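These notes concern the structure reproduced below.
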Amino acid sequence: MTAPTGERDELVIAGDEDVVRVRQVVRGFALRAKLSLVDQTKLVTAASELARNAVNYGGGGQAVVELVGNGRRVGVRARFADDGPGISDVELALTDGWTSGSGLGLGLSGARRLVDEFELETEVGRGTAVTITKWAR
Amino acid sequence: MSVDAGDTDSLAVLLSKDADVLIARWVALTSAPLRGKVSEAELTRECRELFDTLVAAVSTGSRDFQDPAFVEVRAALEELSRNRARLGFTPSETVVGVFALKRAMLETSGQRTGDTGLREVIEFTLLLDTLGLWTFECYARAREEVIAQQAEQLLELTTPVVRLWDGVLAVPLVGTLDSARTQVVMEKLLEALVETGAEQAIVDITGVLAVDTQVAQHLLKTVMAARLMGAECTISGIRPQIAQTIVELGIEFGDITTKASLADALLYAMRRSGVDVVRKRAQVG
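Chains U and R are the protein sequences, given in the same order. Position one of the first sequence corresponds to residue 935 (our numbering), numbered consecutively onward. Position one of the second sequence corresponds to residue 45 (our numbering), numbered consecutively onward.
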């Protein structure tokens, strides 16, 4: 609980190079939150999936990464928001192997399994926002 | 031009006189080219902060930007530039906000003085600002082209295909594996397979920091292509944290052979091609 919470960073996600930048920033936050190597990798991978989704399906968006604390533990929270077409069937989108594009169809569902908290807000025609949190053990 | 550094600096007085009108005009002029990418409230806050620090610096009588009096102005500008850069603004879009204060000042003070000679001089300096900006923009673009070229060269450099043993090729991957990179890797590997007639290929991902679904998909495609060429392909360098992430993600590598280290993969590939490695009996001495 000594790690300084409240630190945050905002990034624009427009292309592949931004996905790389998001990964680097998230990795930095994960290090500061003292996440284990496995948890760092899981969080970074989940962030990579969601940032890429924002690029591929949302036409670009924005990422906000921050250090958070719940009184007992320190963690990293990242929110990925886009102004894309939104998801009409959330349950389907979260099904393993289903994709509206050409990927493996594991990004969204896999990202959910990689983190401790996963929240998806979407509205057809308005966009999608996914917030993930990983706590240090 | 001599400046009197007194208790009441004339420029500071002039600036403070109609500060609110001036800032409002400044915000309006700045927001136009930003096309709503920054909110009006945010812009007003930035302009007000910059204005206050600027007036504070000027009221010391100093006009030298390198002077310690301007340290806060520099900090405010640095923060503003960083924010703009992150939001994806071009250099001109960023700098134009600073120059806009000049026009705002001309407009508000011009209403009072009406000195045409002075007005023309200022109008001309405004034009010169745009010229400077344009030059700067061109320079920045040229720089970015150089960087893009270097990135491309790096792409070529960082994907060598190495021969580990007779009939065994390896591609050590480092960094990020995006579509462009995969294409280069795949082409190089397939060409090398044809050239050398190798039947064993190892793709080593020790240097890849994160394996997400896209990277996995690219790896799978590369392995598939190598198989179509008649080669057997092994993926090596799967570290513990990567293994756990892949499992959690739900990626299946199917019947593709994977190994923890390049050494394991090499040994496996050699055995597959009929070579066995035997340790010499320890010398008794």
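Positions of the beta carbon are idealized from the N, C-alpha and C atoms, including for glycine. Note that the structure is a prediction, hence the values are computed from the model and not measured.
So, residue i versus residue j, is the Cβ gap smaller than 7 Å?
| i | j | result |
| --- | --- | --- |
| residue 963 (chain U) | residue 984 (chain U) | no |
| residue 1009 (chain U) | residue 967 (chain U) | yes |
| residue 1051 (chain U) | residue 1062 (chain U) | no |
| residue 267 (chain R) | residue 246 (chain R) | no |
| residue 293 (chain R) | residue 1040 (chain U) | yes |
| residue 1000 (chain U) | residue 942 (chain U) | yes |
| residue 957 (chain U) | residue 978 (chain U) | yes |
| residue 248 (chain R) | residue 214 (chain R) | yes |
| residue 1011 (chain U) | residue 1069 (chain U) | no |
| residue 939 (chain U) | residue 1002 (chain U) | yes |
| residue 88 (chain R) | residue 120 (chain R) | no |
| residue 1027 (chain U) | residue 980 (chain U) | no |
Does residue i pass the burial test, meaning 16 or more other C-beta atoms within 10 Å, or should it be called exposed?
| i | result |
| --- | --- |
| residue 230 (chain R) | buried |
| residue 168 (chain R) | exposed |
| residue 74 (chain R) | buried |
| residue 1035 (chain U) | exposed |
| residue 83 (chain R) | exposed |
| residue 191 (chain R) | exposed |
| residue 1060 (chain U) | exposed |
| residue 57 (chain R) | exposed |
| residue 129 (chain R) | exposed |
| residue 970 (chain U) | exposed |
| residue 153 (chain R) | buried |
| residue 103 (chain R) | buried |
| residue 936 (chain U) | Confidence at residue 936 (chain U) is low in this model, with a pLDDT of 48, below 50, so the placement of that residue is unreliable and no value is reported for it. |
| residue 174 (chain R) | exposed |
| residue 289 (chain R) | buried |
| residue 55 (chain R) | exposed |
| residue 90 (chain R) | buried |
| residue 206 (chain R) | exposed |
| residue 160 (chain R) | exposed |
| residue 973 (chain U) | buried |
Rounded to a whole number of angstroms, what is the C-alpha to C-alpha distance between residue i and residue j?
| i | j | result |
| --- | --- | --- |
| residue 263 (chain R) | residue 194 (chain R) | 25 Å |
| residue 270 (chain R) | residue 317 (chain R) | 16 Å |
| residue 965 (chain U) | residue 322 (chain R) | 43 Å |
| residue 303 (chain R) | residue 1054 (chain U) | 36 Å |
| residue 217 (chain R) | residue 234 (chain R) | 15 Å |
| residue 1048 (chain U) | residue 209 (chain R) | 38 Å |
| residue 1005 (chain U) | residue 53 (chain R) | 51 Å |
| residue 66 (chain R) | residue 111 (chain R) | 25 Å |
| residue 989 (chain U) | residue 949 (chain U) | 6 Å |
| residue 944 (chain U) | residue 212 (chain R) | 46 Å |
| residue 49 (chain R) | residue 63 (chain R) | Unreliable positioning characterises residue 49 (chain R) in this predicted model, as indicated by a pLDDT of 44, which lies under 50. The coordinate reading is nonetheless provided below. Roughly 21 Å between the two C-alpha positions. |
| residue 1018 (chain U) | residue 993 (chain U) | 6 Å |
| residue 187 (chain R) | residue 312 (chain R) | 47 Å |
| residue 11 (chain R) | residue 146 (chain R) | Missing from the structure shown is residue 11 (chain R); chain R here goes from 45 to 329 and no further. |
| residue 180 (chain R) | residue 142 (chain R) | 15 Å |
| residue 319 (chain R) | residue 951 (chain U) | 43 Å |
| residue 242 (chain R) | residue 1020 (chain U) | 48 Å |
| residue 70 (chain R) | residue 61 (chain R) | 15 Å |
| residue 1043 (chain U) | residue 140 (chain R) | 44 Å |
| residue 976 (chain U) | residue 284 (chain R) | 11 Å |
| residue 306 (chain R) | residue 197 (chain R) | 26 Å |
| residue 314 (chain R) | residue 238 (chain R) | 19 Å |
| residue 127 (chain R) | residue 959 (chain U) | 16 Å |
| residue 86 (chain R) | residue 272 (chain R) | 57 Å |
| residue 166 (chain R) | residue 172 (chain R) | 10 Å |
| residue 254 (chain R) | residue 118 (chain R) | 38 Å |
| residue 68 (chain R) | residue 76 (chain R) | 13 Å |
| residue 1029 (chain U) | residue 189 (chain R) | 42 Å |
| residue 72 (chain R) | residue 105 (chain R) | 29 Å |
| residue 240 (chain R) | residue 274 (chain R) | 13 Å |
Between the Cα of residue i and the Cα atoms of the options, which residue gives the shortest distance?
| i | options | result |
| --- | --- | --- |
| residue 256 (chain R) | R:277, R:215, R:274, R:296 | R:296 |
| residue 279 (chain R) | R:288, R:289, R:250 | R:250 |
| residue 59 (chain R) | R:100, R:253, R:143 | R:100 |
| residue 961 (chain U) | U:1028, U:982, U:950, U:949 | U:982 |
| residue 1016 (chain U) | U:1024, U:1003, U:1064 | U:1064 |
| residue 93 (chain R) | R:123, R:153, R:197, R:62 | R:123 |
| residue 183 (chain R) | R:276, R:135, R:105, R:163 | R:135 |
| residue 309 (chain R) | R:96, R:114, R:289, R:276 | R:276 |
| residue 223 (chain R) | R:258, R:253, R:104 | R:258 |
| residue 221 (chain R) | R:274, R:252, R:244, R:207 | R:252 |
| residue 131 (chain R) | R:219, R:78, R:281 | R:78 |
| residue 261 (chain R) | R:226, R:281, R:240, R:274 | R:226 |
| residue 204 (chain R) | R:185, R:189, R:219, R:232 | R:232 |
| residue 265 (chain R) | R:282, R:298, R:236, R:281 | R:298 |
Do residue i and the ligand COA come close, with the Cβ less than 6 Å from some heavy atom?
| i | result |
| --- | --- |
| residue 1037 (chain U) | For the structure depicted, the ligand COA is absent and the ligand set is empty, with no information on it obtainable. |
Mind listing, in chain order, the continuous alpha helix (DSSP H) runs of no fewer than 4 residues lying wholly within the stretch 263–310 of chain R? Listed in chain order, the complete alpha helix (DSSP H) runs (minimum 4 residues) inside the stretch 263–310 of chain R are 284–293.
Extract the residue ranges of the alpha helix (DSSP H) inside the stretch 123–167 of chain R, only unbroken runs of 4 or more that lie entirely within it. The qualifying runs are 135–157.
Contiguous alpha helix (DSSP H) assignments of at least 4 residues, all confined to the stretch 1019–1056 of chain U: At a cut-off of 4 residues, the continuous stretches assigned as alpha helix (DSSP H) that sit fully inside the stretch 1019–1056 of chain U are 1024–1027, 1041–1048.
Segments of 3+ residues assigned as beta strand (DSSP E) that fall wholly inside the stretch 163–238 of chain R: Whole beta strand (DSSP E) segments, 3+ residues: 206–209, 212–218.
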